[in-house]
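Residue numbering for the sequence shown follows the numbering used here, starting at 16 and increasing by one per position.
So the structure is just underneath, and the comments pick up after that.
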Amino acid sequence: MATIYLVRHGQASFGKENYDQLSQTGWQQGRVLGRWMVGRITPDVVYGGDLERHRETVEAIASGFGSQFPDMQVAPGFNEFDHNAVLTRFRPEWADRSVMARDLQAFPKPARAFQESFVHAVQRWVAGDHDQDYDETWPAFRNRVLQAFEDVIEYADGGDVLVATSGGPISVICQHLLDLDDARALSLNEVIANTSVSRVLYSGARRSLSVFNNYSHLEAENPALVTFR
């Protein structure tokens with residue numbers, strides 16, 4: 016059976032003006048993964064969404080892997096959902112970053128306060144009661160990701176594939192393969208580590224989740240590199 020390796024991007028730049036770029040930790044995570052892949056994973060083709068953090072993750076992996084790493088082909092279907100839109104539909108005042116920063120600083124642990132709000136925002140989006148508020152609904156997001164997944168399998172034609180993507184698409188694919196409800200899919204998204212590798216085996220019409228959220232490459236080199244946001 017052939018394999019699709021679903022790689023979550025390296026740590027992005029939370030709190031910075033441009034979130035959609037890797038932090039220094041994110042770059043290091045990608046290079047560590049590339050070094051770990053040598054002798055273990057040699058993809059025939061590499062895909063990624065068209066987000067900057069996807070492209071940079073592949074660049075970091077290639078740097079660690081060395082020569083003969085395939086160039087990334089862009090597949091926008093693997094893009095993450097618009098987290099800014101999801102959050103600001105739940106907290107419209109947070110469209111102003113200064114207001115969001117002010118509100119979060121009132122909490123003893125601002126990062127935890129943000130995460131709690133974000134979880135509620137995603138739950139509102141997924142519930143479907145306010146679909147008119149979103150350019151892309153939860154069902155539309157799932158359909159987009161699963162179509163990209165099937166397209167990659169068709170184009171790969173039996174080859175091994177690495178896909179640089181985000182936590183949301185990985186959760187959706189796992190939800191589909193394991194027949195999970197939405198709540199369980201969202202719980203998966205909360206624990207997917209940066210540059211973790213999930214492995215899907217495929218042959219003909221068969222698709223099987225073999226490994227989920229493996230980040231042993233980070234633990235082996237430096238446990239401090241394990242991040243989830």
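Idealized CB from N, CA, C, for every residue including glycine.
For clarity, every value in this text was computed on a predicted model and none was experimentally measured.
Where the alpha helix (DSSP H) through F80 begins and ends | E67 to F80
Report yes if the C-beta distance between Q43 and L240 is below 8 Å; otherwise report no.
-> At the C-beta level, Q43 and L240 come within 8 Å of one another.
Identify which residue in A220, V89 and A155 has its Cα closest to the Cα of V187.
-> Comparing Cα positions, the closest option is A155.
Between which two residues does the beta strand (DSSP E) carrying N237 extend?
-> Neither: N237 is in no beta strand (DSSP E) and is coded neither H nor E.
Counting only the same chain and skipping the five closest in sequence on each side, list residues whose C-beta sits under 8 Å from that of G49.
-> A75, I76, A77, S78, G79, F80, G81 and F84
Beta-carbon gap between A17 and A171 smaller than 8 Å = yes
Beta-carbon proximity list for L102, same chain, < 8 Å, skipping 5 on both sides = W109, S132, F133 and A136
Taking just the CA atoms, how far does Q130 sit from A235?
-> 28 Å
Which of helix, strand or coil DSSP assigns to N27 = The sequence given here places Ala at residue 27; Asn does not occur at that position. Residue state, collapsed to three classes: strand.
Check whether R23 and A200 have beta carbons under 8 Å apart = no
Evaluate the contact criterion for the stretch 86–96 versus the stretch 144–164: three or more CB pairs, one atom per stretch, below 8 Å.
-> yes
Let me know if S113 comes out buried or exposed under the rule of 16 or more other beta-carbons within 10 Å of its beta-carbon.
-> Classification for S113: exposed.
Chain-order list of residues whose beta-carbon lies under 6 Å from that of H69 (same chain, five-residue window excluded) = H24, G63 and A179
Roughly how many whole angstroms lie between the Cα atoms of H191 and Q138?
-> 18 Å
For I185 and L21, believed in contact at Cβ under 8 Å, the rounded distance = At roughly 5 Å, the Cβ-Cβ gap stays under 8 Å, so L21 and I185 are in contact.
Would you kindly check if the distance between the Cβ of T72 and the Cβ of T242 is under 8 Å?
-> no
DSSP beta-bridge partners for Q43?
-> Q43 is not bridged to any residue.
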